[in-house]
Amino acid sequence: MKAFSVLSFASTAFAAISNVQLFASSDDSTIDGQGLTSTHEGAGINYLFLGPNAQTLQYDSDDQTIFTDLQIAGGQTARQSFVVEGGIFQLSVSGTPLTVQIQPDGTVSFPGSDSVFASKNINDPNNFSATQFAVIDHATNETIPFTIVAKLLNNATAPSNETTSVITTFEGAAATNVGYGAVGVAAVLAGLIL
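Those letters in the sequence shown? Residues -15 to -1, 1 to 179, by mature numbering (1 follows the signal peptide of the UniProt record, and there is no 0).
Below, the structure written as structure tokens:
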């Protein structure tokens, strides 16, 4: 195997993936500073709710997406992307991922980012919104508007350009928490084939 085939792409093949937490910024003290976290509502679908702690997610600055990888049977993962479906913000294996930009002040902008609301009693499948604020994209009589802000965590999952380690398998990448973009996958495959 020609390990240098992977190494030659290593500095340019990895997506810029960082750990991020999302928070509510609002004039309403009830929700201001609350963290966004996802709660299982269906097969591969987690609705976003506000709570005292924020879930750590991943932000791919190249693809401009926010996601988490759901552990499934056999050690496999399924990507749950930040989406809006049925008026509810979710981490889901289906739907079109929102194109997200994190501004220097932490403000999270995406199509519709000016229409983010906290609401209870949204008739979610497991009725979590009876006691927690769900994150939705439309105003009702009892919603509270807010802006989503991000806190980028220092421990990025993707290596910097100075990284010189060689990873020759997908399992090796998983063991070291390396994130691959489309170009990275192609580079690994090219290295494994050569």
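Cβ coordinates follow ideal geometry from the N, Cα and C atoms, glycine included.
Everything numeric in this text was worked out from a predicted model, so none of it was measured.
Exercise for review: Work out the CA separation of tyrosine 44 and glycine 36 for me, nearest whole Å.
Suggested key: 20 angstroms
Point to revise | Helix, strand or coil at serine 114 [DSSP, three-state] | key: helix
Practice item. Alpha carbon to alpha carbon, how far is glutamine 75 from glycine 29? Give it in angstroms, no decimals. Key: 10 angstroms
Point to revise | Three-state class that DSSP yields for glycine 59 in the structure shown | key: helix
Point to revise | Pairwise C-alpha distance: phenylalanine 67 and glutamine 49 | key: 11 angstroms
Exercise for review: Below 8 angstroms CB to CB, which residues in the same chain sit around glutamine 86 once its five sequence neighbours on both sides are set aside?
Suggested key: Gln49, Val93, Ser94, Phe95
Practice item. For serine 79, count neighbouring C-beta atoms within 10 Å of its own C-beta (all shown protein chains included) and say buried if the count is 16 or more, exposed if not. Key: exposed
**Study point:** Anticipated Cβ contact below 8 angstroms, alanine 115 with serine 104, distance rounded
**Key:** That belief does not hold up - the Cβ atoms of alanine 115 and serine 104 are roughly 12 angstroms apart, past 8 angstroms.
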